[in-house]
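S.K.: Just dropping this structure here.
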Amino acid sequence: MIYDYLIIGTGIAGLNAARMIPKDKKVLVVCKKTPWECNTFWAQGGVVRAKNDEDIPLHIKDTLTAGVFLNDTKAVETLSKNSMSAIDDLIENGLVFDKNAKGELAFTKEAAHSTNRILHADGDATGREMHMFLLQQCPHEIVIESIVIDLLYEDGICYGAHLIADGKDKIVYAHNTIIASGGVGSIYRYHTNSTTIAGDIQGICVEKGIPLKDMEMMQFHPTVFVENDKARKQLLSEALRGEGALIEDEDGYQFLKDYHADKELAPRDVVSRAIFDYSKKTGSKIYLSFKNFSKDFFKKRFPNIYKNLKEIGFELPFERVPISPAFHYSMGGIEVDLNSKVKNSKNLYAVGEVACTGVHGANRLASNSLLEGIVFSKLAVENTLKENFEINLDDYKNQNNEKHFILQKSTDKAIKNGLRNLMWTNVGIVRERQELIDAYEEVESYLLEDIGRLLFLRLLTAKSIIKSAINRKQSIGAHFIKEKQ
Ligand code: SIN
0 MIYDYLIIGT
10 GIAGLNAARM
20 IPKDKKVLVV
30 CKKTPWECNT
40 FWAQGGVVRA
50 KNDEDIPLHI
60 KDTLTAGVFL
70 NDTKAVETLS
80 KNSMSAIDDL
90 IENGLVFDKN
100 AKGELAFTKE
110 AAHSTNRILH
120 ADGDATGREM
130 HMFLLQQCPH
140 EIVIESIVID
150 LLYEDGICYG
160 AHLIADGKDK
170 IVYAHNTIIA
180 SGGVGSIYRY
190 HTNSTTIAGD
200 IQGICVEKGI
210 PLKDMEMMQF
220 HPTVFVENDK
230 ARKQLLSEAL
240 RGEGALIEDE
250 DGYQFLKDYH
260 ADKELAPRDV
270 VSRAIFDYSK
280 KTGSKIYLSF
290 KNFSKDFFKK
300 RFPNIYKNLK
310 EIGFELPFER
320 VPISPAFHYS
330 MGGIEVDLNS
340 KVKNSKNLYA
350 VGEVACTGVH
360 GANRLASNSL
370 LEGIVFSKLA
380 VENTLKENFE
390 INLDDYKNQN
400 NEKHFILQKS
410 TDKAIKNGLR
420 NLMWTNVGIV
430 RERQELIDAY
440 EEVESYLLED
450 IGRLLFLRLL
460 TAKSIIKSAI
470 NRKQSIGAHF
480 IKEKQ
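Residue numbers (numbering that gives the first Met the number 0): 0 to 484.
In structure tokens form, the structure reads like this:
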């Protein structure tokens, strides 16, 4: 049996790719655990849609400025120019975004956007609403609890993947493979990601020589409540600051004015570094304050944040919440072209956070990622339909695809925790050259241990992040190198 498409991942990019593939194609969509164990499900703030034709150049400019011009300008143009049609297509098919009192789409603002151009759904549950919608629309088979542990890849052709499903090895052949497996959250101690997101596929790419790009560009979200004991920490959406929430120290001093003219609405990397620097310098705890909000407005605009924080003991908007930056999003990933085809590959595509289209450069503009997932998954599918690439199974049938991998070993847990702490401390918001070198050596030593396949892949991904960080000598955007005093 050979599929027309194998899609790895059920976040926004994977599901939208599935939605775009004609119903008569044989498609297999797989996910590691359940379909909603993905970052899309947890996305709060919203999704960008250029407001009108005049807004496109401005959206492009804002994206490039936030990305410190490390972006691929053509990819940014593709994103912005397709934003209205991509979002309108979802709306026409039944996705509901929040409206204002006049019944028009309610556009909000987030940091580093020069105008209100962000749509949201159920207040602060945009990702969840988009995800549920795409899941309902998916016309193809989704198989849960299927872990991809290898890609079948030779001379630029991907002929499928090796999975472990129900504890058994399974080889899946496909004419086209679309990777949509998300970023790397679980390699950091504090993160906002789904716990299934651990950079496994990026590790497979390292093994196969499939190019990764901008891997050092890790985005830390400034406002996260990290004092819970769950692996995934509680995000406090940037939309809160877009609507007037303030960052302050223990004494109520709003110190962001000392760091950037745009204060709370400065680019995300700037705000994260300011919090990091200020709390280190002063020893003060940092808070997000909602004193500008009325209770009625807050509950209506942010119903899920209100409810989630109430469950852990905060009465919003009256109480402020202690915050810290936490890992949020990986700007780098598998290097792809403007059709999301993987560099040097004939039939392998990568979409969403796992891919590096070049859209985000050195720092992603808020709410561009859900849009990127929608726009580039569509372009990927259109390209596969145009190229109609077919593998010849006879070329591969006798390959040795029966390797057996042990997923996990008893030593893994301690090393995983060691890695998370190492990445948080040495490859985090502010980096030092020697600490990066130390981290690289530490990861190399972990790789010599007797470990399971998944940890091995995670370590390869970590190694590639650190190597890129060492190779990038200058500070830019999210990659901030502190020079020795
Ligand atoms: C947020 O709601 O702050 C996250 C939005 C994003 O990551 O773009």
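Every residue, glycine too, gets a C-beta built ideally from N, C-alpha and C. Quantities reported herein were computed from a predicted structural model and do not represent experimental measurements.
When the Cα atoms are used, what is the spatial distance from Asn81 to Val374?
M.R.: Those two C-alpha atoms are separated by around 7 Å.
S.K.: When you compare each of Glu352, Tyr286, Glu314 and Ile333 to Pro324 by their alpha carbons, which one comes out closest?
M.R.: Among Glu352, Tyr286, Glu314 and Ile333, the Cα nearest to that of Pro324 belongs to Tyr286.
S.K.: Figure out for me which residue from Leu63, Pro221 and Lys290 has the closest Cα to the Cα of Glu314.
M.R.: Considering only alpha carbons, the answer is Lys290.
S.K.: Please determine whether the Cβ atom of Gln233 lies at a distance below 7 Å from any heavy atom of the ligand SIN.
M.R.: Gln233 Cβ: outside cutoff for every heavy atom of the ligand SIN.
S.K.: Let's see if you can read the secondary structure: which residues bound the alpha helix (DSSP H) around His130?
M.R.: Thr125 to Gln136 is the span of the alpha helix (DSSP H), which, as asked, contains His130.
S.K.: Ignoring anything shorter than 3 residues, give me the beta strand (DSSP E) runs that lie fully in the segment 20-59, in order along the chain.
M.R.: Whole beta strand (DSSP E) segments, 3+ residues: 26-29.
S.K.: Could you tell me the alpha carbon to alpha carbon distance between Asp248 and Gly282, rounded to whole angstroms?
M.R.: Going by the C-alpha atoms only, they are around 10 Å apart.
S.K.: Check Lys167 in the structure and name its three-state DSSP category.
M.R.: Correct three-state label for Lys167: strand.
S.K.: Would DSSP call Glu226 helix, strand or coil?
M.R.: Looking at Glu226 - three-state DSSP - the assignment turns out to be coil, as it is neither helix nor strand.
S.K.: Residues around the ligand SIN, please: the condition is that the C-beta lies closer than 5 Å to some non-hydrogen atom of it.
M.R.: Chain-ordered list of matching residues: Gln43, Gly44, Ser236, Glu237, Ala365 and Ser366.
S.K.: Given a threshold of 16 other Cβ atoms within 10 Å of its Cβ, counted over all protein chains shown, does Thr9 qualify as buried or as exposed?
M.R.: It is buried - the Cβ of Thr9 has at least 16 other Cβ atoms within 10 Å.
S.K.: When the Cα atoms are used, what is the spatial distance from Met214 to Ile333?
M.R.: One C-alpha to the other measures close to 9 Å.
S.K.: Report the three-state DSSP secondary structure of Tyr395 (helix, strand or coil).
M.R.: Tyr395: coil per DSSP, three-state reduction.
S.K.: With DSSP run on the structure shown, which of helix, strand or coil describes Leu347?
M.R.: Correct three-state label for Leu347: strand.
S.K.: Exposed or buried, Gly312, counting other C-beta atoms within 10 Å across all chains shown (16 or more means buried)?
M.R.: Answer is exposed; the Cβ neighbour count stays below 16.
S.K.: Return helix, strand or coil for Arg471, following the three-state DSSP convention.
M.R.: In the structure shown, Arg471 sits in coil (DSSP, three-state: anything other than H, G, I, E or B).
S.K.: Assuming contact is defined by CB atoms lying nearer than 8 Å, are Leu134 and Gly45 in contact in what I supplied?
M.R.: It is not a contact, given that the beta carbons lie outside the stated cut-off.
S.K.: Based on Cα-Cα distance, which residue from Glu318, Phe219 and Lys50 lies nearest to Arg486?
M.R.: For residue 486 there is no data in the structure shown, the boundaries of the chain being 0 and 484.
S.K.: Can you find at least 3 beta carbon pairs, one from the segment 108-115 and one from the segment 41-58, that sit closer than 8 Å?
M.R.: Yes, the segment 108-115 touches the segment 41-58.
S.K.: With C-beta atoms as the reference, is Leu435 less than 8 Å away from Ile469?
M.R.: In this structure, Ile469 lies closer than 8 Å to Leu435 by Cβ.
S.K.: Once you ignore the five residues that flank Phe479 on each side, which residues in its own chain have a CB closer than 8 Å to its CB?
M.R.: Excluding residues within five positions, the ones whose Cβ falls inside 8 Å are Asp268, Arg272, Ile428, Val429 and Arg430.
S.K.: Mind the definition here: the segment 136-143 touches the segment 10-18 only if three or more C-beta pairs lie below 8 Å; say whether that holds.
M.R.: Output reads yes: the segment 10-18 touches the segment 136-143.
S.K.: Leaving aside the five residues before and after Val67 along the sequence, list all residues of the same chain whose C-beta is less than 7 Å from its C-beta, in chain order.
M.R.: Within the same chain, Val67 has close Cβ partners Gly360, Ala361, Asn362, Ile475 and Gly476.
S.K.: Assuming Lys294 contacts Pro316 (C-beta within less than 8 Å), just tell me the rounded distance between them.
M.R.: So it is a contact: roughly 6 Å between Cβ atoms.
S.K.: Answer yes or no: do Arg127 and His58 have a C-beta to C-beta separation smaller than 8 Å?
M.R.: Not a contact, by the Cβ cut-off of 8 Å.
S.K.: Taking the beta strand (DSSP E) that Glu247 belongs to, which residues open and close that run?
M.R.: Unbroken beta strand (DSSP E) run through Glu247: Leu245 to Asp248.
S.K.: Quick one, which of Asp199, Glu381, Glu144 and Ser366 has its alpha-carbon nearest Gly166's?
M.R.: That would be Glu144, whose Cα lies nearest to the Cα of Gly166.
S.K.: So, with DSSP's three-state summary, where would you put Asp149?
M.R.: Strand at Asp149.
S.K.: Can you grab the Cα-Cα spacing for the pair Ala514 / Ile196, in whole Å?
M.R.: Nothing can be reported for residue 514, as the shown portion of the chain is limited to 0 through 484.
S.K.: If you count every other CB in all the chains shown that lies within 10 Å of the CB of Gly357, and 16 or more means buried, which is it?
M.R.: Gly357 comes out buried.
S.K.: Go ahead and label Pro56 buried or exposed: buried means 16 or more other beta carbons lie within 10 angstroms of its beta carbon, across all protein chains shown.
M.R.: Exposed is the call here.
S.K.: Quickly, what does DSSP pair Lys98 with across the bridge? List them, please.
M.R.: Lys98 is bridged to Leu104.
S.K.: Do you know offhand how far Phe132's Cα is from Asp97's?
M.R.: Cα-Cα distance, rounded: 15 Å.
S.K.: Whose CA, out of Gln407, Asn346, Leu370 and Lys22, lies closest to the CA of Ala74?
M.R.: Ala74 has its Cα closest to that of Leu370, out of Gln407, Asn346, Leu370 and Lys22.
S.K.: Would you mind working out which of Ile148, Thr64, Asn387 and His259 sits nearest Val29, comparing C-alpha positions?
M.R.: Per the Cα distances, Ile148.
S.K.: Could you check what DSSP says for Arg363 in three-state terms: helix, strand or coil?
M.R.: Note: Arg363 maps to coil in three-state DSSP.
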